[in-house]
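S.K.: Chains as they are written, first to last, in the UniProt record's numbering: chain A, 1 to 347; chain B, 1 to 347. Below is a structure I'd like to ask you about.
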DNA sequence: GTGAAAGCGCTAACAT
DNA sequence: ATGTTAGCGCTTTCAC
């Protein structure tokens with residue numbers, strides 16, 4: 001199906017060693033020899049097999065990427081960033097998704113190691129408690145975490161606590177006093193924890209009372225009635241929601257709309273992630289935006305630096321700047337009065 | 001960094017051949033030998049390198065996936081479907097994105113072939129005119145196309161012509177007479193062409209005049225003024241838009257909204273793809289839904305069947321059923337009169 | 001400047 | 001049941 005270096009050698013009338021040199025160190029071979037070999041390569045359509053090289057132990061040119069899911073565009077955006085750089089630099093990507101499942105994570109890492117990847121880029125649930133990361137360090141396998149926010153591991157993310165703080169403060173500046181954080185069922189993730197801390201600090205600093213995060217089932221088609229009740233009834237109902245990610249914010253928005261509540265008139269909403277698609281909503285979702293693609297690129301560069309031996313030992317975690325994406329899902333609350341604007345018709 | 005089969009053999013006190021058998025055909029080795037070897041494997045943390053096996057020529061366990069982009073969730077959804085099956089069946093995925101660029105496609109395929117993938121799953125711009133597919137066939141490299149809609153190649157998709165036809169007919173049934181198709185700059189894709197044909201046929205069958213597709217820049221943040229003018233001015237302006245994909249529909253919707261036109265009151269919109277996120281819009285986007293994840297799964301099974309030699313030679317293209325996802329972006333038009341509903345305030 | 005040969009980790013005859 | 005050996009495609013000494 002494919003020719004080997006032997007075929008080329010035979011066709012050109014030289015030894016495989018010379019062919020190898022012609023490919024990897026052209027300047028060390030005679031001009032005419034080189035020409036002949038190149039012609040042979042051309043006519044035979046020869047492409048050196050990475051397998052031989054890989055086995056020889058030099059480099060495999062393989063990088064493993066382990067992600068929770070591609071259903072959340074956050075990760076797809078990161079992956080796109082990685083891939084753009086990777087193919088430009090002659091690396092190939094081996095992809096595995098884990099659905100946040102520990103067993104799948106273990107399996108993925110083992111598979112990737114077995115394949116002799118030169119490095120790993122990944123997002124795990126909780127980088128602080130993850131059992132496999134120490135093993136990786138011990139084995140000398142280089143990796144960079146993406147989105148995981150921890151000072152103890154090589155990682156690229158935003159400052160999640162700070163980003164959440166800034167976001168919630170914006171809500172407060174808009175006059176909101178009763179702000180609730182809404183989180184997925186994934187409260188055990190390092191990011192979610194830090195985002196909650198940021199939320200709580202912003203509240204406290206404004207002299208407000210942080211309340212426990214409201215957990216919402218991510219995949220549910222509808223907002224659970226209990227959740228809806230919590231959000232909309234009673235004098236202490238929140239006027240603004242800080243959602244721990246954009247997808248969740250979108251689900252919540254839809255749930256509210258279906259129940260005929262208006263965003264932002266009846267409820268303000270702030271997301272987290274800054275997904276490209278969530279900006280296409282109407283109204284466009286306000287969101288604490290993380291530079292997802294850039295996070296992917298940065299993780300890549302970081303990994304390359306580590307592989308090259310440029311040990312950036314001092315600062316383990318890279319923090320990329322977040323931005324507050326203005327949307328139209330945050331309404332102003334003037335003092336104690338509820339907004340006077342008319343509710344917009346709901347579909 | 002990692003132990004080899006030799007180390008295990010030495011540690012256990014057997015030959016590498018026996019170790020190999022212990023791994024690949026345990027029943028052929030003595031119980032106690034097996035136990036010893038297993039213990040050696042355990043303590044040495046040995047994982048057989050696929051590289052050796054791959055080079056040996058058996059199987060590589062590698063499948064190449066080539067996609068235009070991950071920025072469009074259509075492909076991310078497919079990829080998720082593929083990955084779910086792949087890891088369960090012991091395969092690894094090598095991913096490359098091409099941005100619809102011919103050079104990148106060429107490079108990706110070459111890289112994947114060089115890596116000795118056992119098969120390829122991919123989406124190309126136009127499967128009918130693509131120069132590389134014949135080469136693949138000639139080389140005996142197995143592949144399955146995803147989303148590409150052609151009878152001449154092994155592919156998995158929906159019946160794009162028919163799906164578009166059904167979608168546009170729905171618009172017509174809602175009373176729309178002036179329907180325009182909006183397409184990305186990618187009019188040269190096989191799908192886009194078939195979708196246009198479906199559009200045109202639905203129009204003609206209803207005694208209506210199909211008009212040329214309106215091309216819209218995908219990545220533009222705003223709708224071009226000329227496009228907006230085309231959509232909104234004059235007595236012949238369309239009352240409904242059939243967008244060739246959901247992302248485009250979302251961009252168009254936002255453009256219309258910004259110009260203070262209401263969807264669906266001033267303009268009805270129908271998308272294509274059935275993205276999960278576009279259903280979270282408000283109003284939820286009506287869309288000709290393709291089962292993206294299932295398309296990925298199906299392409300995978302198909303490729304596995306081909307690799308296994310189960311040649312489904314007769315029907316090259318698999319057509320999965322599409323569905324019409326009801327949204328709220330299609331308004332009813334009663335006869336010739338424009339809708340009487342009040343426009344909804346725009347953000 | 002070029003060739004012969006060893007070896008990367010593994011599997012599969014072929015011996016024993 | 002186990003060991004010996006050749007060889008997959010390639011790079012790299014080490015000779016010539």
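Where a beta carbon is used, it is the ideal one built from N, C-alpha and C, also for glycine. Note that the coordinates shown come from a computational prediction; the quantities given were computed from them, not determined experimentally.
Between the segment 276-287 of chain B and the segment 246-254 of chain A, do at least 3 Cβ pairs fall closer than 8 Å?
M.R.: Because the criterion of three Cβ pairs below 8 Å is met, the segment 276-287 of chain B and the segment 246-254 of chain A touch.
S.K.: Does the distance from the C-beta atom of residue 285 of chain B to that of residue 269 of chain B stay below 8 Å?
M.R.: Here residue 285 of chain B refers to the residue found at position 285 when the second chain is read from its first residue. Here residue 269 of chain B refers to the residue found at position 269 when the second chain is read from its first residue. In this structure, residue 269 of chain B lies closer than 8 Å to residue 285 of chain B by Cβ.
S.K.: Take every Cβ of the segment 145-158 of chain B, pair it with every Cβ of the segment 175-188 of chain B, and state whether three or more of those distances are shorter than 8 Å.
M.R.: no
S.K.: Going by beta-carbon coordinates alone, are residue 158 of chain B and residue 320 of chain B separated by less than 8 Å?
M.R.: Locating residue 158 of chain B in the second chain gives position 158, counting from the first residue. Locating residue 320 of chain B in the second chain gives position 320, counting from the first residue. Cβ distance < 8 Å, so residue 158 of chain B and residue 320 of chain B count as in contact.
S.K.: What does the Cβ neighbour count give for residue 168 of chain B, buried or exposed, with the cut at 16 atoms within 10 Å?
M.R.: Taking the second chain and counting its residues from 1, the one referred to as residue 168 of chain B is at position 168. By the 10 Å Cβ count, residue 168 of chain B comes out buried.
S.K.: Quick one: which chain B residues come within Cβ less than 7 Å of residue 97 of chain A?
M.R.: By 1-based counting over the first chain, the position of residue 97 of chain A is 97. Those are 80, 83, listed as they occur along chain B.
S.K.: Tell me which same chain residues have a C-beta within less than 8 Å of the C-beta of residue 272 of chain A, skipping the five on either side of it?
M.R.: Position 272 of the first chain holds residue 272 of chain A. For residue 272 of chain A, where only same-chain residues beyond five positions count, the Cβ hits under 8 Å are 163, 164, 167, 195, 242, 243, 244, 245, 246, 249, 287, 288, 290.
S.K.: Helix, strand or coil for residue 59 of chain B per DSSP?
M.R.: The count along the second chain starts at 1 and reaches residue 59 of chain B at position 59. DSSP places residue 59 of chain B in coil when its eight states are reduced to three.
S.K.: Going by other Cβ atoms of all chains shown within 10 Å of its Cβ, with 16 needed for buried, is residue 131 of chain B buried or exposed?
M.R.: Taking the first residue of the second chain as 1, we reach residue 131 of chain B at position 131. By the neighbour-count definition (other C-beta atoms within 10 Å, threshold 16), residue 131 of chain B is an exposed residue.
S.K.: Would you list the one or two residues that DSSP bridges to residue 158 of chain B?
M.R.: Residue numbering aside, residue 158 of chain B sits at position 158 when the second chain is read from its first letter. Answer is B/320.
S.K.: For residue 123 of chain B, which option in B/292, B/225, B/331 has the closest C-alpha, if you only look at C-alpha atoms?
M.R.: As a first step, residue 123 of chain B is located in the second chain; it is residue number 123 there, counting from the start. Check the Cα spacing between residue 123 of chain B and each of B/292, B/225, B/331: the tightest is with B/292.
S.K.: What span of residues does the alpha helix (DSSP H) with residue 91 of chain A cover, start to end?
M.R.: Numbered from its first residue, the first chain carries residue 91 of chain A at position 91. Per DSSP, residue 91 of chain A belongs to no alpha helix (DSSP H) and is neither H nor E.
S.K.: Which chain B residues sit within Cβ distance under 8 Å of residue 52 of chain A?
M.R.: Taking the first residue of the first chain as position 1, residue 52 of chain A is located at position 52. 55, listed in chain order.
S.K.: Within this structure, are the beta carbons of residue 97 of chain B and residue 127 of chain B separated by less than 8 Å?
M.R.: Translated into positions along the second chain, residue 97 of chain B becomes position 97. Translated into positions along the second chain, residue 127 of chain B becomes position 127. No. Outside cutoff.
S.K.: Are any of the Cβ atoms in chain A nearer than 8 Å to that of residue 93 of chain B?
M.R.: Here residue 93 of chain B is taken as the residue at index 93 of the second chain, counted from 1. Yes - at least one Cβ of chain A is within 8 Å of the one on residue 93 of chain B.
S.K.: Please confirm whether residue 172 of chain A and residue 125 of chain A have their CB atoms less than 8 Å apart.
M.R.: Position 172 of the first chain, counted from the first residue, corresponds to residue 172 of chain A. Position 125 of the first chain, counted from the first residue, corresponds to residue 125 of chain A. Against a cut-off of 8 Å, the Cβ pair of residue 125 of chain A and residue 172 of chain A comes out as no contact.
S.K.: Which residue marks the beginning of the alpha helix (DSSP H) containing residue 224 of chain A, and which one marks its end?
M.R.: As a first step, residue 224 of chain A must be located in the first chain, where it is residue number 224. No alpha helix (DSSP H) contains residue 224 of chain A, which DSSP labels as neither H nor E.
S.K.: Just confirm the distance between the C-beta atoms of residue 225 of chain B and residue 114 of chain A, as a whole number of angstroms; I'd bet it's less than 8 Å.
M.R.: As a first step, residue 225 of chain B must be located in the second chain, where it is residue number 225. As a first step, residue 114 of chain A must be located in the first chain, where it is residue number 114. Their Cβ separation, rounded to whole angstroms, is 56 Å, which puts residue 225 of chain B and residue 114 of chain A out of contact at 8 Å.
S.K.: What runs of the alpha helix (DSSP H), each 4 residues or longer, lie entirely inside the segment 116-142 of chain A?
M.R.: Runs of the alpha helix (DSSP H) inside the segment 116-142 of chain A: 132-139.
S.K.: Quick check for students: name the residue ranges of the alpha helix (DSSP H) that lie wholly in the UniProt domain "HTH lacI-type" (4-57) of chain B, counting only runs of 4 or more.
M.R.: If we require 4 residues or more, the alpha helix (DSSP H) runs fully inside the UniProt domain "HTH lacI-type" (4-57) of chain B come out as 5-12, 16-24, 31-44, 50-56.
S.K.: Count Cβ pairs between the segment 54-72 of chain B and the segment 86-94 of chain B that sit closer than 8 Å; are there 3 or more?
M.R.: yes
S.K.: Please go through the same chain and pick out, in chain order, the residues whose beta-carbon is closer than 6 Å to the beta-carbon of residue 161 of chain B, but skip the five residues on each side of it.
M.R.: The sequence position of residue 161 of chain B within the second chain is 161, counting from 1. Excluding positions up to five away in sequence, the list reads 194, 197, 198.
S.K.: Is residue 15 of chain B buried or exposed, if buried means 16 or more other CB atoms sit within 10 Å of its CB?
M.R.: In the second chain, the residue the question calls residue 15 of chain B occupies position 15. It is exposed - the Cβ of residue 15 of chain B has fewer than 16 other Cβ atoms within 10 Å.
S.K.: If contacts are defined as beta-carbon pairs under 8 Å, then residue 296 of chain B and residue 79 of chain B qualify, I think. What distance do you get, rounded to the angstrom?
M.R.: Within the second chain, the letter at position 296 stands for residue 296 of chain B. Within the second chain, the letter at position 79 stands for residue 79 of chain B. Sure, about 6 Å apart at Cβ, within 8 Å.
S.K.: Which residues does DSSP pair with residue 242 of chain A in a beta bridge?
M.R.: Sequence index remark: in the first chain, residue 242 of chain A carries index 242 (1-based). Its beta-bridge partners are A/181, A/270.
S.K.: Please state whether DSSP places residue 325 of chain A in a helix, a strand or coil.
M.R.: Counting from 1 along the first chain, the entry for residue 325 of chain A is found at position 325. In this structure, residue 325 of chain A counts as strand in the three-state DSSP scheme.
S.K.: On the DSSP letters alone, give me the boundaries of the alpha helix (DSSP H) that residue 287 of chain B sits inside.
M.R.: Working through the second chain from its first residue, we reach residue 287 of chain B at position 287. Segment 286-289 is the beta strand (DSSP E) holding residue 287 of chain B; no alpha helix (DSSP H) there.
S.K.: Would the beta-carbon of residue 68 of chain B fall within 8 Å of that of residue 302 of chain B?
M.R.: Working through the second chain from its first residue, we reach residue 68 of chain B at position 68. Working through the second chain from its first residue, we reach residue 302 of chain B at position 302. The answer is no: Cβ separation not under 8 Å.
S.K.: Taking Cβ positions, are residue 182 of chain B and residue 213 of chain B nearer each other than 8 Å?
M.R.: As a first step, residue 182 of chain B is located in the second chain; it is residue number 182 there, counting from the start. As a first step, residue 213 of chain B is located in the second chain; it is residue number 213 there, counting from the start. Cβ atoms of residue 182 of chain B and residue 213 of chain B: closer than 8 Å.
S.K.: Sort A/229, A/120, A/170 by Cα distance to residue 326 of chain A and report the nearest one.
M.R.: Against the first chain, residue 326 of chain A aligns to sequence position 326. Minimum Cα distance to residue 326 of chain A is reached at A/170.
S.K.: Can you find the residues in the same chain that come closer than 8 Å, C-beta to C-beta, to residue 342 of chain A, ignoring five residues on each side of it along the sequence?
M.R.: Working through the first chain from its first residue, we reach residue 342 of chain A at position 342. Here residue 342 of chain A scores only 35 on pLDDT, less than 50, and its place in the model should not be relied on; the value that follows carries that caveat. Excluding sequence neighbours, residue 342 of chain A sits near 265.
S.K.: Which residues mark the beginning and the end of the alpha helix (DSSP H) in which residue 298 of chain B is found?
M.R.: To locate residue 298 of chain B, count along the second chain from 1; it is residue 298. From DSSP, the alpha helix (DSSP H) with residue 298 of chain B extends over 292-307.
S.K.: Mind checking whether residue 220 of chain A and residue 73 of chain B have CB atoms under 8 Å apart?
M.R.: Numbered from 1 along the first chain, position 220 holds the residue referred to as residue 220 of chain A. Numbered from 1 along the second chain, position 73 holds the residue referred to as residue 73 of chain B. Contact: no.
S.K.: Give me whichever residues DSSP pairs with residue 65 of chain B in a beta bridge.
M.R.: Counted from its first residue, the second chain places residue 65 of chain B at position 65. Note: residue 65 of chain B sits in a beta bridge opposite B/95, B/121.
S.K.: Would residue 255 of chain A pass as a contact of residue 222 of chain A if the rule is Cβ separation under 8 Å?
M.R.: The count along the first chain starts at 1 and reaches residue 255 of chain A at position 255. The count along the first chain starts at 1 and reaches residue 222 of chain A at position 222. Contact: yes.
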